[in-house]
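Asks:
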Amino acid sequence: KEMSGNQFQLFFPDIENRAVEQIQLENDLFKALQHDWEFELYYQPKFNVRTNELIGMESLIRWNHPQLGTLSPAHFIPLAEETGLIIPLGEWVIRKACLQMKKWYEDGHKNLVISANLSPHQFSQKNLVPMVKEILIETGLPPFLLELELTENLIIHNTEQTLKTIGELKELGVQISIDDFGTGYSSLGYLKDFPVDTLKIDKSFIDDITTNSNNAAITKTIITLADSLHLNVIAEGVEEEEQAKFLADHGCHWIQGFYYSRPLQSKAFEHHFLKKFTQ
Ligand code: C2E
Ligand code: CA
Ligand code: CA
Ligand code: CA
Numbered sequence: 657k658e659m660s661g662n663q664f665q666l667f668f669p670d671i672e673n674r675a676v677e678q679i680q681l682e683n684d685l686f687k688a689l690q691h692d693w694e695f696e697l698y699y700q701p702k703f704n705v706r707t708n709e710l711i712g713m714e715s716l717i718r719w720n721h722p723q724l725g726t727l728s729p730a731h732f733i734p735l736a737e738e739t740g741l742i743i744p745l746g747e748w749v750i751r752k753a754c755l756q757m758k759k760w761y762e763d764g765h766k767n768l769v770i771s772a773n774l775s776p777h778q779f780s781q782k783n784l785v786p787m788v789k790e791i792l793i794e795t796g797l798p799p800f801l802l803e804l805e806l807t808e809n810l811i812i813h814n815t816e817q818t819l820k821t822i823g824e825l826k827e828l829g830v831q832i833s834i835d836d837f838g839t840g841y842s843s844l845g846y847l848k849d850f851p852v853d854t855l856k857i858d859k860s861f862i863d864d865i866t867t868n869s870n871n872a873a874i875t876k877t878i879i880t881l882a883d884s885l886h887l888n889v890i891a892e893g894v895e896e897e898e899q900a901k902f903l904a905d906h907g908c909h910w911i912q913g914f915y916y917s918r919p920l921q922s923k924a925f926e927h928h929f930l931k932k933f934t935q
């Protein structure tokens, strides 16, 4: 089986092959966006480190491709970004996340915050703020229960427009978190000017936090920084008990990772984390 795989690559030079694949995938993506049943949000829980309480969940998109099976975002988000299809796709994500959280809210979960990832292209689109506002009205989700995750790199470019957009999103009442925090090579000066709520420490620091003293130091510094700026701080990519313990010992507020749970389909998420109220 492996042999035939290799031969296939010999007959179709990789570059050409990939170009064809990309065009096909772009077509499929365009078509899939005409309806919406091929896309699905998975939800990964976030917990309070100290109390172990569920505080909310991150929405992570999957594409149930009719031929290729379940595709992770790495397979199609970059393509969606390049082609502009991220605009309708990103809108679908926010609407779906709000609808889902509104349902759970109605089921009695009044304090959970749902987050959605915003890509750079999506963030710089003109009607982002009206779009988010419209979705909040349409779904009836209390705005403070929606959090938008922006990457640090997105935030440090084009600071003036970014500052304006974040300010307008805050005015709507939604929460803003800085994703992949620590990877953006930025001066930290911008933090005090940006009305953000949460720093999310990048997984790359958490991975070897118990063995790499530099990454441990960076993590502790980010936690201290968040505390002194009165921001929330969450660690992502927590896979082991020792990492969770380190983070708890050093005062990290919230935590997310495979150690607690992989991202789950809506029903499975309810079953594992929400059954207390939804029976
Ligand atoms: P991200 O926002 O940094 O999301 C975290 C990624 O790490 C997710 O991968 C999640 O499944 C994974 N992860 C969480 N905990 C662990 C862990 O303990 N160990 C390991 N190894 N991985 C963990 P996923 O779902 O494949 O998403 C990858 C990226 O795709 C996301 O990175 C985000 O940048 C992007 N993405 C996902 N959904 C959306 C979306 O709806 N819109 C946009 N624009 N981007 C999205
Ligand atoms: Ca994220
Ligand atoms: Ca992240
Ligand atoms: Ca990351």
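Counting from 657, one number per residue, gives the positions in the sequence shown under UniProt numbering. For every residue, glycine included, the Cβ atom is placed at its ideal position computed from N, Cα and C. None of the values given here were measured: they were computed from a predicted structure.
Shorter than 7 Å, the distance from the beta carbon of K856 to the closest heavy atom of ligand 3, or not?
Replies: Working through the sequence shown from its first residue, we reach residue 856 at position 200. Set against 7 Å, the gap from the CB of K856 to the closest heavy atom of ligand 3 is smaller.
Asks: Given this structure, state the Cα-to-Cα distance separating Y915 from F925, to the nearest angstrom.
Replies: For the purposes of this step, residue 915 is identified with residue 259 of the sequence shown, where counting begins at 1. For the purposes of this step, residue 925 is identified with residue 269 of the sequence shown, where counting begins at 1. Going from the Cα of Y915 to the Cα of F925 covers about 15 Å.
Asks: Is any heavy atom in ligand 3 found nearer than 7 Å to the beta carbon of E892?
Replies: Looking up residue 892 in the sequence shown gives position 236. Because some heavy atom of ligand 3 lies under 7 Å away, the Cβ of E892 counts as near it: yes.
Asks: Candidates G823, H731 and G913: which alpha carbon is nearest S860's?
Replies: Walking along the sequence shown from the start, residue 860 turns up at place 204. Nearest of G823, H731 and G913 to S860, Cα basis: G913.
Asks: If you follow the alpha helix (DSSP H) that Q899 is in, where does it begin and where does it stop?
Replies: Locating residue 899 in the sequence shown gives position 243, counting from the first residue. Segment E897 to D905, the alpha helix (DSSP H) holding Q899.
Asks: Would you report the Cα separation of M713 and K752, rounded to the nearest angstrom?
Replies: As a first step, residue 713 is located in the sequence shown; it is residue number 57 there, counting from the start. As a first step, residue 752 is located in the sequence shown; it is residue number 96 there, counting from the start. So the alpha carbons of these two residues sit roughly 13 Å apart.
Asks: When the Cα atoms are used, what is the spatial distance from D864 to N871?
Replies: Indexing the sequence shown from 1 puts residue 864 at position 208. Indexing the sequence shown from 1 puts residue 871 at position 215. In a straight line, the C-alpha of D864 is about 7 Å away from that of N871.
Asks: Could you check if D863 belongs to the surroundings of ligand 3, using beta carbon to heavy atom distance under 7 Å?
Replies: In the sequence shown, residue 863 corresponds to position 207, counting from 1. No, Cβ of D863 sits at least 7 Å from all heavy atoms of ligand 3.
Asks: Can you say whether L774 is buried or exposed, counting buried as having 16 or more other CB atoms within 10 angstroms of its CB?
Replies: The residue you call residue 774 lines up with position 118 of the sequence shown. Looking at its Cβ environment, which holds 16 or more other Cβ atoms inside 10 Å, L774 is buried.
Asks: Look at the Cβ atom of F800, then the Cβ atom of Q756, and state whether they are nearer than 8 Å.
Replies: Sequence index remark: in the sequence shown, residue 800 carries index 144 (1-based). Sequence index remark: in the sequence shown, residue 756 carries index 100 (1-based). Cβ atoms of F800 and Q756: not closer than 8 Å.
Asks: Of all the options K923, A900, Q817 and E682, which has the alpha carbon lying nearest to the alpha carbon of T707?
Replies: Looking up residue 707 in the sequence shown gives position 51. Comparing Cα-Cα distances from T707 to each of K923, A900, Q817 and E682, the minimum goes to A900.
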